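Enquirer:
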């Protein structure tokens with residue numbers, strides 16, 4: 034009889050320890066042993082990412098460990114997801130998110146923290162880095178078939194580019210395809226409403242919750258009232 | 184020789200070791216921080232019960248760790264994704280060219296910045312405010328009100344987010360115009376306040392290089408011989424082309440350069456002790472990389488986005504003590520409060536951080552960052568005055584005295600850091616014509632100041 038729990042625990046440990054290769058190897062070994070891929074995600078990846086989140090919240094680990102753990106979770110998902118039947122896939126995968134710091138701004142810690150936590154939660158995160166032009170967010174989201182565009186800004190003078198991305202989506206007739214979430218130092222609930230974004234959170238863990246609710250429990254974009262956890 | 188050395192530094196940014204930004208953030212920085220924490224036995228030295236660090240030997244060990252990190256790691260150029268190699272010789276070149284005294288401004292508003300040691304009686308300078316967006320309609324009365332406070336030595340001014348009503352978008356010609364506009368507003372505010380010779384760190388509205396190029400050192404811009412050019416780098420241990428453009432521009436004019444960065448507790452450098460090491464490493468490196476006349480660092484806790492919680496007070500006081508004890512440099516630091524105008528929280532936070540920086544040996548402190556710098560127009564002259572009063576009054580106190588006071592002060596606000604009261608706007612807290620605080624805001628100031636005097640802080644009425 035296959036000891037599924039052994040695989041789940043080893044995978045969770047690999048994620049917590051930020052061991053990307055080990056996470057891939059354990060995922061493949063579980064599949065080879067006949068363990069259901071969705072069960073591995075729900076009991077192994079999720080266990081690991083939940084633990085990772087708890088450790089970070091308690092400052093028992095820090096941003097580098099969170100990033101490495103997110104990378105390990107991503108590596109596991111890359112092995113496991115192709116083995117999930119297509120009809121189960123939609124319900125189990127939060128989907129793709131394109132994120133970056135907007136044009137005119139080179140600050141990245143908050144964005145990296147959110148990206149790491151989203152990756153650790155199972156989102157497929159494409160991080161475009163910093164100083165990203167509005168059109169590039171949209172182009173990348175189109176290319177990847179993303180569900181969410183996440184826009185970070187730390188400067189009051191770069192906030193406007195969050196609005197520019199939404200304007201671009203509207204003008205290109207693409208606004209209905211993407212939830213747009215915004216965050217960063219000067220972002221407030223009023224700003225989120227003012228620019229017509231779909232959501233935002235005060236802290237990185239709030240952002241993860243917003244993204245989950247947008248993907249799983251919200252009407253199609255754009256939302257009439259943004260989802261804000263503050 | 185500076186400009187030639189600057190070009191050599193640029194060469195390093197172009198020919199240095201290639202490194203992906205993710206490798207830098209998630210591997211190089213945390214690895215060397217962990218190594219230094221272990222080598223100098225600094226892990227778990229943070230002392231939450233004593234928020235202001237008092238141990239000289241510990242501060243010196245932190246300095247050694249930061250010094251080694253600086254030349255072993257180097258600085259990451261974000262635009263070229265290469266490492267600017269830094270040698271010990273480079274560090275000492277930076278130290279040797281940095282002034283031991285700075286005279287800023289002119290006439291009766293002229294001020295002198297001097298190196299300080301922990302517990303030094305030399306008066307530190309106070310720069311106000313720190314990066315808070317102020318709308319054009321109230322920029323003049325608010326900043327005039329701040330300049331009128333004689334506890335404020337250097338005016339940084341509120342950040343503009345519009346130019347003549349249009350959005351000031353960073354990296355565009357709006358920003359170039361904004362740098363120039365900031366000077367116009369700034370000069371008028373100083374004139375109205377009766378302090379025309381007051382120096383500035385300028386222009387605050389320069390998220391990229393364009394604001395500085397448009398407003399600093401040019402005809403009808405901030406005069407380079409009286410005002411400080413501000414150059415910031417992202418965390419951890421990074422610089423950018425925008426920052427280096429500003430350095431080149433400042434060197435071209437022989438301007439005074441202030442450089443800074445904000446290590447993050449919980450970020451790439453890890454725990455409070457790691458952030459302190461990174462702060463020291465960056466603190467000493469910017470005299471070489473950014474040609475700083477005065478440098479140093481802020482500190483932010485990633486959980487709260489402030490530096491008034493216990494971990495931040497401890498890490499920042501350790502960092503500034505390490506720098507001020509082991510160098511003759513002019514050291515700057517920063518306050519990041521979360522409480523807003525018309526809240527006691529803002530005043531208690533200000534008391535803690537200003538006292539910590541004063542007794543730790545900062546030559547100049549920039550603040551306040553009222554309401555976390557997040558809320559437009561959440562800034563008043565009264566907290567600027569209060570911050571300056573505390574900073575100046577606490578020079579000469581011992582760290583042990585300050586630590587005992589800090590223990591009593593921090594409990595007044597620490598439970599509110601998660602959900603801070605961001606207070607009200609300038610218009611709600613002030614009579615914007617008379618430039619006087621509303622009675623309830625004045626009453627809060629009087630109450631907190633009175634309690635601090637009763638606790639033993641050497642403030643004066």
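Protein chains in written order, with this note's numbering: chain U, 34 to 263; chain B, 184 to 644. Note that CB positions come from ideal geometry on N, CA and C, so glycine has one too. Because the structure is a prediction, the values reported are computed rather than measured.
1. Roughly how many angstroms lie between the CA atoms of residue 568(B) and residue 355(B), to the nearest whole one?
2. Where residue 74(U) and residue 363(B) are concerned, what is the direct C-alpha to C-alpha distance, given to the nearest angstrom?
3. With DSSP run on the structure shown, which of helix, strand or coil describes residue 463(B)?
4. Start and end of the alpha helix (DSSP H) containing residue 535(B)?
5. For a contact defined as C-beta to C-beta under 7 angstroms, what are the partners of residue 358(B) on chain U?
6. How about the segment 244-256 of chain B and the segment 184-191 of chain B: do they share at least three Cβ pairs that are nearer than 8 angstroms?
7. What's the gap between the Cα of residue 471(B) and the Cα of residue 274(B)?
8. I need the straight-line Cα distance from residue 190(U) to residue 316(B), nearest angstrom please.
9. Give me the Cβ distance between residue 133(U) and residue 163(U), rounded to the nearest whole Å; I'm assuming they're in contact under 8 angstroms.
10. Can you say whether residue 616(B) is buried or exposed, counting buried as having 16 or more other CB atoms within 10 angstroms of its CB?
11. Could you say if the segment 381-399 of chain B and the segment 415-431 of chain B meet the contact criterion of at least three C-beta pairs nearer than 8 angstroms?
12. In terms of residues, what are the limits of the alpha helix (DSSP H) holding residue 48(U)?
13. Say whether the segment 436-446 of chain B touches the segment 234-248 of chain B, bearing in mind that this needs 3 or more beta-carbon pairs closer than 8 angstroms, one atom from each stretch.
14. Can you pull out the residues from the segment 80-100 of chain U whose beta carbon lies closer than 7 angstroms to at least one beta carbon of chain B?
15. Using CA coordinates, which residue listed in 477(B), 352(B), 272(B), 209(B) is at the minimum distance from residue 166(U)?
16. Which residues mark the beginning and the end of the alpha helix (DSSP H) in which residue 675(B) is found?
17. My assumption, with CB atoms under 8 angstroms, is that residue 233(U) sits in contact with residue 259(U). Please give the rounded CB distance.
18. Output the boundary residues of the beta strand (DSSP E) element that contains residue 160(U).
19. What would DSSP say about residue 393(B), mapped onto helix, strand or coil?
20. Return helix, strand or coil for residue 95(U), following the three-state DSSP convention.
21. CB residue 423(B) to CB residue 262(B), shorter than 8 angstroms?
22. With burial defined as no fewer than 16 other Cβ atoms inside 10 Å of the residue's Cβ, what is the status of residue 560(B): buried or exposed?
23. Grouping DSSP H, G and I as helix and E and B as strand, with all else coil, what is residue 425(B)?
24. Going along the segment 261-290 of chain B in order, which residues come within less than 7 angstroms of chain U, judged by CB to CB distance?
25. Using a Cβ-Cβ cut-off of less than 9 angstroms, give me the residues of the segment 202-220 of chain U that come near chain C, in sequence order.
26. Identify the contact partners of residue 451(B) in chain U, using a Cβ-Cβ distance below 8 angstroms as the criterion.
27. Using the Cα positions of residue 307(B) and residue 574(B), report the straight-line distance between them to the nearest angstrom.
28. Can you say whether residue 36(U) is buried or exposed, counting buried as having 16 or more other CB atoms within 10 angstroms of its CB?
29. Report buried or exposed for residue 232(B), applying the criterion of at least 16 other Cβ atoms within 10 angstroms of its Cβ.
30. Taking Cβ positions only, does residue 137(U) come closer than 8 angstroms to chain B?
31. Once DSSP output is grouped into helix, strand and coil, what is the label at residue 291(B)?
32. Can you give the beta carbon distance from residue 56(U) to residue 109(U), rounded, assuming they're within the 8 angstroms contact cut?
33. How would you list, in chain order, the residues of chain B whose beta-carbon sits under 7 angstroms from the beta-carbon of residue 193(U)?
34. Output needed for residue 641(B): all residues of its chain with C-beta closer than 6 angstroms, excluding positions within five of it in sequence on either side, in chain order.
35. Which residues mark the beginning and the end of the beta strand (DSSP E) in which residue 608(B) is found?
36. What's the C-alpha gap between residue 285(B) and residue 296(B)?
Expert: Taking the coordinates as given:
1. Residue 568(B) and residue 355(B) have their C-alpha atoms spaced approximately 35 angstroms apart.
2. Between residue 74(U) and residue 363(B), the C-alpha separation is close to 56 angstroms.
3. DSSP places residue 463(B) in helix when its eight states are reduced to three.
4. First-last of the alpha helix (DSSP H) with residue 535(B): 527-543.
5. Ordered by position in chain U, the residues that pass the 7 angstroms Cβ test against residue 358(B) are 190.
6. Not touching, per the Cβ criterion.
7. Cα to Cα, the separation comes out at about 6 angstroms.
8. Going from the Cα of residue 190(U) to the Cα of residue 316(B) covers about 9 angstroms.
9. With 8 angstroms as the limit, residue 133(U) and residue 163(U) qualify as a contact, their Cβ atoms being about 7 angstroms apart.
10. Residue 616(B) comes out exposed.
11. Taking 8 angstroms as the limit for Cβ pairs, the verdict is that the segment 415-431 of chain B does touch the segment 381-399 of chain B.
12. For residue 48(U), the enclosing alpha helix (DSSP H) starts and ends at 37-49.
13. Put simply, the segment 436-446 of chain B does not touch the segment 234-248 of chain B. Fewer than three CB pairs are less than 8 angstroms apart.
14. Cβ contacts with chain B come from 92, 95, 96, 97, 100.
15. Selected option, being the one with the closest Cα: 352(B).
16. The first residue shown for chain B is 184 and the last is 644, placing residue 675(B) beyond what the model contains.
17. The pair is a contact, with the Cβ atoms about 7 angstroms apart (cut-off 8 angstroms).
18. Unbroken beta strand (DSSP E) run through residue 160(U): 157-160.
19. Under the three-state reduction of DSSP, residue 393(B) is assigned to helix.
20. Coil.
21. The beta carbons of residue 423(B) and residue 262(B) sit closer together than 8 angstroms.
22. Flag for residue 560(B) reads buried.
23. DSSP places residue 425(B) in the helix class (H, G or I) of the three-state scheme.
24. Taking 7 angstroms as the Cβ-Cβ cut-off against chain U, the residues of the segment 261-290 of chain B that qualify are 261.
25. Looking for chain C here will not work: the only protein chains present are U and B.
26. Think of a sphere of 8 angstroms around the beta carbon of residue 451(B): the chain U residues whose beta carbon falls inside it are 95, 96, 97, 142, in chain order.
27. Going from the Cα of residue 307(B) to the Cα of residue 574(B) covers about 7 angstroms.
28. So residue 36(U) ends up on the exposed side.
29. The residue in question, residue 232(B), is exposed, as its Cβ has fewer than 16 Cβ neighbours within 10 Å.
30. Closer than 8 angstroms: yes.
31. For residue 291(B), the three-state secondary structure derived from DSSP is helix.
32. Indeed they touch by this definition, with Cβ atoms about 4 angstroms apart.
33. Contact of residue 193(U) with chain B by beta-carbon distance below 7 angstroms involves 350, 352.
34. Exclusion of the five residues before and after residue 641(B) leaves 576 as the residues of its chain whose Cβ lies within less than 6 angstroms of its Cβ.
35. Counting along the chain, residue 608(B) falls outside any beta strand (DSSP E), and DSSP gives it neither H nor E.
36. Their Cα atoms are separated by approximately 5 angstroms.
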